[in-house]
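What follows is a short report on a single structure.
In full-length UniProt numbering, the protein residues as written are 1 to 620.
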């Protein structure tokens with residue numbers, strides 16, 4: 001057992017060791033874009049002919065990992081779980097003890113929050129039953145015609161959702177709600193096990209298996225707190241890219257700008273929140289898959305510490321980088337969802353999650369107002385310079401805002417950032433390839449058939465070992481940074497690009513597209529938290545302009561293992577960024593009202609006013 005920041009003991013804390021001082025050098029990878037018929041032909045050739053696979057493998061630059069000097073001096077780190085331990089016994093706590101969140105919709109524009117629903121339910125102005133019926137009418141794909149937003153949802157367990165709504169309605173009628181999450185509509189990513197639902201992982205196959213009838217632990221905690229799961233949301237096939245393009249079930253377009261992707265792979269969940277359908281959704285993040293779609297859709301997303309949130313019996317295909325976490329329309333709701341879903345699991349089912357402290361008890365033991373006030377932001381200039389100008393402009397304004405909030409800004413360096421990004425991708429490809437059978441690979445869409453086949457045939461044991469040694473090196477260096485700067489939050493944009501345009505239009509949505517260079521580019525900042533197991537949060541911070549419509553841009557912070565509450569406090573300190581002059585103008589020009597929790601009125605085509613719809617349902 002080692003000590004981290006402030007002397008707090010940890011299990012499996014990395015060796016505190018400053019990494020090599022090496023110059024930052026990043027070269028774009030040489031990966032051609034395939035779409036349409038060439039994609040189908042290319043996928044067949046690449047997946048079946050070894051020397052063609054080798055050519056593209058070398059072009060992607062994965063060989064550089066093995067060339068890192070003295071890498072054998074670092075032990076391989078196969079599991080990035082680092083667990084904080086509290087010496088004093090924490091008091092027990094449950095969802096009912098949480099106060100109702102206070103952040104409500106401001107005026108007639110903006111996202112509804114759990115506080116809005118809770119207030120309406122308590123007053124009797126609305127019921128969970130009316131809300132569920134209103135949402136089901138626009139998300140179901142099994143009706144004729146399908147619901148307006150059905151492309152973002154895989155399926156709805158209608159009877160189950162209505163039964164949960166009826167039970168919640170009765171609790172409010174009796175004056176006995178379970179807590180702040182009671183009656184709140186949520187959606188869950190297809191990747192997670194849910195009683196009454198298939199688990200397809202975005203494919204045409206069913207991965208439910210022997211766990212049919214089971215509900216993952218974290219979703220069960222939401223349901224026990226009264227949340228109502230409306231549907232399962234769609235995802236990128238196998239979670240193997242960051243657009244959410246899915247020819248199998250359809251691709252939801254960005255609710256802010258239909259010419260852009262939602263981001264992925266939790267794109268259906270981010271769409272559900274970004275379009276106003278639910279205030280909270282469950283995502284999964286193996287390479288930015290919560291934070292990237294949250295950024296693109298203008299909402300908040302939290303990637304917890306590795307192993308903290310239990311998905312039992314769900315096991316991520318990318319088991320050493322993937323985690324489950326919340327996406328929400330407000331920082332209050334993000335915090336609420338996280339604190340409930342991260343309840344430690346049963347030790348017999350998930351011993352890693354069980355070893356973490358209960359966030360609710362942790363919050364009771366150390367409330368936000370008594371937490372350390374050390375506010376330190378770390379930035380790496382060479383890395384930040386990779387962001388495109390619209391993204392960098394939003395980031396710089398956000399950085400100035402945090403300076404005005406008394407945050408200290410320090411320069412940091414992290415060795416082997418480009419090589420680490422490749423090691424992260426290599427790890428994902430190897431883990432997913434090892435989890436699939438040849439028959440399952442044959443049933444994948446063309447882009448993923450290429451990725452999985454290359455992961456299976458091109459990654460050697462030497463490659464994988466080198467990648468895990470590099471993981472150990474970077475984790476040790478991060479431990480050094482966290483010791484040097486207690487409370488350090490590593491600050492960056494969420495993505496270096498201002499959204500991802502649907503370049504090939506409808507043809508790309510129907511056939512898929514393979515653009516590995518853009519995929520790696522999109523993950524340029526997010527991968528570090530996945531590879532090292534650290535928690536990270538994405539917050540909306542501004543917009544990029546494109547033909548009167550705008551695309552949201554997010555900023556991101558990554559903290560020490562177990563520092564989720566510090567990240568939540570950081571996000572709360574930054575809510576005022578959305579009220580800065582440029583962001584106000586972006587909203588006002590589109591006919592909206594600038595508030596801390598608002599949507600541009602350019603979203604009229606995608607925005608769903610659930611409360612207004614539910615009131616119509618109730619009156620009829």
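Glycine included, every Cβ here is placed at the ideal spot set by N, Cα and C.
Every value quoted in this text rests on a predicted model; they were computed, and no experiment measured them.
Any non-hydrogen atom of the ligand NAD closer than 8 Å to residue i Cβ
{"i": "residue 560", "result": "In terms of ligand content, the structure shown is empty, and the ligand NAD therefore cannot be addressed."}
Nearest to residue i (by Cα), restricted to the options the options
{"i": "residue 389", "options": "323, 79, 497, 446", "result": "497"}
{"i": "residue 470", "options": "555, 424, 502", "result": "424"}
{"i": "residue 558", "options": "552, 566, 551", "result": "566"}
{"i": "residue 127", "options": "170, 161, 158", "result": "170"}
{"i": "residue 162", "options": "201, 227, 538, 216", "result": "227"}
{"i": "residue 439", "options": "307, 205, 541", "result": "205"}
{"i": "residue 445", "options": "400, 254, 509", "result": "509"}
{"i": "residue 179", "options": "340, 22, 199", "result": "340"}
{"i": "residue 539", "options": "380, 274, 246", "result": "274"}
{"i": "residue 314", "options": "74, 329, 554, 217", "result": "217"}
{"i": "residue 243", "options": "264, 257, 50", "result": "264"}
{"i": "residue 528", "options": "110, 211, 618, 420", "result": "420"}
{"i": "residue 116", "options": "167, 235, 329, 619", "result": "329"}
{"i": "residue 554", "options": "397, 123, 214", "result": "397"}
{"i": "residue 193", "options": "19, 203, 207, 385", "result": "207"}
{"i": "residue 69", "options": "443, 415, 433", "result": "415"}
{"i": "residue 43", "options": "319, 563, 543, 447", "result": "447"}
{"i": "residue 175", "options": "219, 537, 120, 145", "result": "120"}
{"i": "residue 310", "options": "211, 365, 221", "result": "221"}
{"i": "residue 327", "options": "295, 31, 522, 168", "result": "295"}
{"i": "residue 18", "options": "186, 34, 73", "result": "73"}
{"i": "residue 360", "options": "522, 561, 225, 499", "result": "225"}
{"i": "residue 451", "options": "618, 31, 27", "result": "31"}
Residues near residue i in its chain [Cβ-Cβ closer than 8 Å; skip 5 each side]
{"i": "residue 485", "result": "376, 378, 410, 412"}
{"i": "residue 29", "result": "59, 60, 61, 516, 517, 520"}
Beta-carbon proximity list for residue i, same chain, < 6 Å, skipping 5 on both sides
{"i": "residue 24", "result": "382"}
{"i": "residue 14", "result": "475, 476, 479"}
{"i": "residue 160", "result": "196"}
{"i": "residue 75", "result": "472"}
{"i": "residue 122", "result": "none"}
CB-CB length for residue i against residue j, believed under 8 Å
{"i": "residue 271", "j": "residue 152", "result": "4 Å"}
{"i": "residue 284", "j": "residue 239", "result": "7 Å"}
{"i": "residue 300", "j": "residue 324", "result": "Actually they do not touch by this definition, with Cβ atoms about 16 Å apart."}
{"i": "residue 254", "j": "residue 237", "result": "Residue 254 to residue 237, Cβ: 19 Å. No contact."}
{"i": "residue 466", "j": "residue 65", "result": "5 Å"}
{"i": "residue 513", "j": "residue 201", "result": "Rounded, the Cβ-Cβ distance is 19 Å, inconsistent with contact."}
{"i": "residue 188", "j": "residue 150", "result": "Contact doesn't hold; Cβ gap of about 16 Å is too wide."}
{"i": "residue 488", "j": "residue 482", "result": "6 Å"}
{"i": "residue 114", "j": "residue 181", "result": "7 Å"}
{"i": "residue 384", "j": "residue 492", "result": "6 Å"}
{"i": "residue 302", "j": "residue 577", "result": "Contact flag wrong, Cβ pair sits at about 17 Å."}
{"i": "residue 235", "j": "residue 267", "result": "7 Å"}
{"i": "residue 256", "j": "residue 551", "result": "6 Å"}
Neighbourhood of residue i by C-beta, 7 Å cutoff - its chain only, sequence neighbours within 5 removed
{"i": "residue 501", "result": "259, 260"}
{"i": "residue 45", "result": "52"}
{"i": "residue 156", "result": "136, 139, 140, 230, 231"}
{"i": "residue 81", "result": "12, 306, 307, 352, 533"}
{"i": "residue 435", "result": "317"}
{"i": "residue 524", "result": "386, 421, 496"}
{"i": "residue 610", "result": "112, 131, 134, 135, 276, 277"}
{"i": "residue 319", "result": "431"}
{"i": "residue 346", "result": "354"}
{"i": "residue 468", "result": "76, 77, 78"}
{"i": "residue 433", "result": "452, 455, 456"}
*Ignoring anything shorter than 4 residues or poking outside the segment 105 to 160, list the alpha helix (DSSP H) runs there in chain order.*
114 to 123, 128 to 139
*In chain order, which alpha helix (DSSP H) runs of at least 4 residues are fully inside the segment 255 to 319?*
267 to 274, 291 to 297
*asked:* My parser needs the alpha helix (DSSP H) runs of 4 or more residues fully inside the segment 336 to 402; what are they?
replied: 351 to 354, 359 to 365, 381 to 384
*Could you tell me which uninterrupted alpha helix (DSSP H) segments, each at least 4 residues in length, are contained entirely in the segment 503 to 527, listed from first to last along the chain?*
506 to 511, 516 to 522
_Under 8 Å, with one C-beta from each stretch per pair, do the segment 418 to 432 and the segment 449 to 468 reach the 3-pair mark?_
yes
*asked:* Any contact between the segment 340 to 355 and the segment 127 to 138? By contact I mean 3 or more CB pairs, one from each, below 8 Å.
replied: Touching, no, given that fewer than three Cβ pairs across the two stretches are closer than 8 Å.
*Between the segment 56 to 69 and the segment 273 to 287, do three or more beta carbon pairs fall short of 8 Å?*
no
_Segments assigned alpha helix (DSSP H), at least 4 residues, entirely inside the segment 29 to 87_ = 36 to 48, 50 to 59
*Do three or more CB pairs link the segment 398 to 406 to the segment 288 to 300 at distances below 8 Å?*
no
*Let me know the beta strand (DSSP E) ranges lying completely inside the segment 166 to 248, each 3 residues or longer, listed in chain order.*
185 to 189, 228 to 233
*Which runs of the alpha helix (DSSP H) fall wholly inside the segment 455 to 492 and span at least 4 residues, in chain order?*
461 to 484
*Ordered list of alpha helix (DSSP H) runs contained in the segment 427 to 455, each at least 4 residues*: Within the segment 427 to 455, the complete alpha helix (DSSP H) segments of 4 residues or longer fall at 438 to 442, listed in chain order.
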